[in-house]
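Participant: All the letters of the sequence shown, read from the start, carry residue numbers 452 to 862 under this note's numbering.
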Amino acid sequence: MKNILLVDDEKGFLLSLSDGLKSYSDMFKVLIAFNGKEAVTILNSTKIDLVVTDLKMPEMDGFQLLAYLTRHFTDIPTIVITAFGTPDMEEKLLTMGATQYLEKPLDFDVLADNILQHITRGDSQGHIQGITLGVFLQFLELEGKTCTLTVTSGKNVGKLYFLEGELINAKTETLEGEEAAYEIIGWNETEIEINYSCANKAKAITSPLSFILMESCKIKDEVLEQFEEQETGDIKERDIDNIQEIDFLVDKKEHETKQNYIEEEYEECLISQPEIEYKSNNIGIVTAQERLEPFKSIIGFEGVGVLTPTGDPIVMLPAGESNLMKIAILANNILVNAQKASQEMDIGSCKMIHIETDRIHLLARCLNESEDSCSGKVHIHMVLMLSCEDGIGLAKLKMASVIKLLADDFK
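Given below as structure tokens:
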């Protein structure tokens with residue numbers, strides 16, 4: 452039995468959430484805490500599989516709780532729920548890479564779905580990462596916090612200085628300003644301590660946080676590539692070979708080409724449903740591409756595509772020169788086979804897969820309105836490619852909303 456910890460100082464809100472989640476009592480148990488201190492007590496006495504927390508609380512707030520989790524419970528995933536009072540705050544949210552974010556007023560069904568996704572992912576992968584440093588920094592920006600973060604990674608120690616939500620300076624033993632910020636954000640397995648005062652108010656960083664995060668991601672990738680080149684002496688550019696290595700479902704002995712295999716597998720595992728006309732009078736390729744444009748703002752964006760369940764591309768939006776179409780078709784193949792496997796396990800149909808390689812993250816999502824075989828319903832797949840993990844949270848949120856908009860357009 453999984454244990455879910457809900458943390459919020461609004462007693463009525465918290466109790467209503469707890470009562471609403473009782474319908475899932477066969478899947479997980481709900482524990483509640485009214486501030487961060489109570490949450491820490493529970494964390495130290497009970498095995499917790501997921502934390503759902505507000506940010507604004509007395510005694511020990513959500514940021515302090517998240518910092519505590521990064522030091523002592525790095526494998527516990529976290530869903531943050533909070534309210535933003537202005538349209539500017541909501542607009543900033545569109546550029547953040549937080550997987551674990553839900554906005555108040557809270558949609559209970561969305562919360563329940565997110566909880567189920569987290570605990571199911573834990574069962575299938577055996578390891579879940581908690582909140583990342585990049586996500587934590589974006590929460591500080593959105594909440595307008597003034598604080599000093601002490602970030603530790605092994606023997607490395609750095610400080611990040613926030614003034615009213617703006618990253619104004621950073622320091623390591625040898626660097627200061629943006630260069631120090633790039634280095635700190637690129638560290639792995641970080642621990643965070645937070646002090647609610649800005650110990651250094653000298654403004655040495657002028658770039659926005661979103662730019663700092665993106666540049667840090669690029670620098671980290673470049674360093675990794677240089678290291679791999681030194682180790683192997685011959686590293687080629689990213690190409691389809693990297694994706695083909697994870698396409699373990701292909702049986703080359705039984706099929707002359709991979710494309711034939713893909714088409715046959717799709718036909719074998721798809722549920723019988725009516726034919727769907729994807730090129731309706733309501734939408735053209737240009738309009739579909741416009742629907743995909745917001746994905747470009749996600750950190751690490753490499754490309755996004757929409758396909759039919761049988762792997763026929765509907766629209767592709769690459770970030771530049773890439774093998775997006777080939778990669779999308781292969782990722783689509785793996786999604787369909789995952790659906791087949793989940794149906795054979797009698798646990799329902801797989802809705803999304805996340806493929807992580809040493810170079811990219813691939814997210815493939817299915818929207819199937821036609822499982823009841825009624826006419827006028829849509830069944831489409833979406834594949835998104837990212838170069839780093841910081842954008843995964845926002846990517847999942849956008850995929851969930853945009854794929855529904857496309858489905859409505861295709862009707």
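Every residue, glycine too, gets a C-beta built ideally from N, C-alpha and C. Quick caveat: nothing in here was measured; it's all calculated off a predicted structure.
Just the Cα atoms here: how many angstroms apart are Val757 and Leu457?
Facilitator: Rounded to whole angstroms, Val757 to Leu457 spans 36 Å at the Cα level.
Participant: For a quick check, are the C-beta atoms of Thr641 and Thr521 less than 8 Å apart?
Facilitator: Yes, they are a contact pair.
Participant: Could you name the residues of the same chain whose beta carbon sits closer than 7 Å to that of Gln515, not counting the 5 residues immediately before and after it, in chain order?
Facilitator: Only Gly487 and Ile645 meet the Cβ criterion.
Participant: Strictly by DSSP, which residues pair up with Ala621?
Facilitator: Paired residues: Leu611.
Participant: Per DSSP, what kind of secondary structure is Ala650 in: helix, strand or coil?
Facilitator: In the structure shown, Ala650 sits in coil (DSSP, three-state: anything other than H, G, I, E or B).
Participant: Is the CB-CB distance between Leu465 and His569 below 8 Å?
Facilitator: No, the Cβ-Cβ distance between Leu465 and His569 is not below 8 Å.
Participant: If you draw a straight line from the alpha carbon of Asn783 to that of Met836, how long is it in whole angstroms?
Facilitator: Straight-line Cα distance between these residues: approximately 12 Å.
Participant: For Met850, which three-state DSSP category applies?
Facilitator: Correct three-state label for Met850: helix.
Participant: Does the region 839 to 850 come within contact of the region 665 to 673, defined as at least 3 CB pairs closer than 8 Å?
Facilitator: Result yes; three or more Cβ-Cβ pairs closer than 8 Å.
Participant: Which residues in the same chain as Leu856 place their Cβ atom closer than 8 Å to its Cβ, once the five residues preceding and following it in sequence are excluded?
Facilitator: Cβ neighbours of Leu856 beyond the five flanking positions: Arg742.
Participant: In angstroms with no decimal places, state the Cα-to-Cα distance between Leu721 and Leu768.
Facilitator: Residue confidence for Leu721 is low, a pLDDT of 39 falling below 50, so the modelled location carries little weight; the figure read from the coordinates is stated next. Near 26 Å, if we compare the C-alpha coordinates of Leu768 and Leu721.
Participant: Residue range of the alpha helix (DSSP H) that Lys777 falls in?
Facilitator: Element bounds for Lys777: Leu775 to Glu795.
Participant: By the 10 Å Cβ neighbour count, where 16 or more other Cβ atoms means buried, how is His832 classified, buried or exposed?
Facilitator: Buried, because 16 or more other Cβ atoms sit within 10 Å of the Cβ of His832.
Participant: I'd like to check one pair, Leu553 with Ile566: are the Cβ atoms closer than 8 Å?
Facilitator: No, Cβ-Cβ distance for Ile566 and Leu553 is not below 8 Å.
Participant: Name the DSSP bridge partner or partners of Cys598?
Facilitator: Its beta-bridge partners are Phe613.
Participant: Taking the alpha-carbon positions, what's the Phe559 to Ala490 distance?
Facilitator: The alpha-carbon atoms of Phe559 and Ala490 are separated by roughly 21 Å.
Participant: Just the C-alpha distance for Lys777 and Pro760, rounded to the nearest angstrom, thanks.
Facilitator: Roughly 15 Å between the two C-alpha positions.
Participant: Just to confirm the assignment, what range does the alpha helix (DSSP H) spanning Lys488 have?
Facilitator: From DSSP, the alpha helix (DSSP H) with Lys488 extends over Gly487 to Leu494.
Participant: Mark Leu775 as exposed unless 16 or more other C-beta atoms lie within 10 angstroms of its C-beta, in which case mark it buried.
Facilitator: Leu775 is buried by the Cβ-count criterion.
Participant: Buried or exposed for Asp477, going by 16 or more other Cβ atoms inside 10 Å?
Facilitator: Under this definition Asp477 is an exposed residue.
Participant: Buried or exposed: which applies to Val674, given that a residue is buried once 16 or more other Cβ atoms fall within 10 Å of its Cβ?
Facilitator: So Val674 ends up on the exposed side.
Participant: For a test of the three-state rule: what should DSSP assign to Ser604, helix, strand or coil?
Facilitator: Correct three-state label for Ser604: strand.
Participant: Quick one: what's got a C-beta closer than 6 Å to Leu813's C-beta in the same chain, skipping five residues either side?
Facilitator: For Leu813, where only same-chain residues beyond five positions count, the Cβ hits under 6 Å are Ala782, Ile806 and Met836.
Participant: Let's test the definition: count the other Cβ atoms within 10 Å of the Cβ of Val561 and tell me whether it reaches 16, buried, or not, exposed.
Facilitator: When all chains shown are included, Val561 counts as exposed.
Participant: Looking at the structure shown, is Ala632 part of a helix, part of a strand, or coil, going by DSSP?
Facilitator: Helix, per DSSP.
Participant: Just reading off the alpha helix (DSSP H) that Lys462 is part of, what are its end residues?
Facilitator: Here the alpha helix (DSSP H) through Lys462 covers Lys462 to Gly471.
Participant: Taking only three categories from DSSP, how would you classify Ile499?
Facilitator: Of the three classes helix, strand and coil, the one that applies to Ile499 here is coil, per DSSP.
Participant: Can you tell me the Cα-Cα spacing of Leu468 and Ala484, whole angstroms?
Facilitator: For Leu468 and Ala484, the distance between alpha carbons rounds to 12 Å.
Participant: What three-state label does DSSP hand Arg816 in the structure shown?
Facilitator: Residue state, collapsed to three classes: strand.
Participant: For Val829 versus Ala858, is the C-beta distance shorter than 8 Å?
Facilitator: Yes.
Participant: Consult DSSP for Phe514 and reduce its assignment to one of helix, strand or coil.
Facilitator: Three-state DSSP puts Phe514 in a helix.
Participant: Between Leu482 and the rest of its own chain, which residues show a CB-CB distance below 8 Å, the 5 nearest in sequence each way excluded?
Facilitator: Cβ within range, chain order: Asn454, Ile455, Leu456, Leu457, Ile493, Thr497 and Ile499.
Participant: Could you give the DSSP three-state label for Glu744: helix, strand or coil?
Facilitator: It is helical.
Participant: Assuming Asn623 and Gly609 make a contact with CB atoms under 8 Å, what is their CB distance in whole Å?
Facilitator: Looking at the sequence provided, one finds Thr at residue 623 rather than Asn. Confirmed, about 4 Å.
Participant: Which term fits Ala518, buried or exposed, when burial requires 16 or more other beta carbons within 10 angstroms of its beta carbon?
Facilitator: With 16 or more other Cβ atoms within 10 Å, it is buried.
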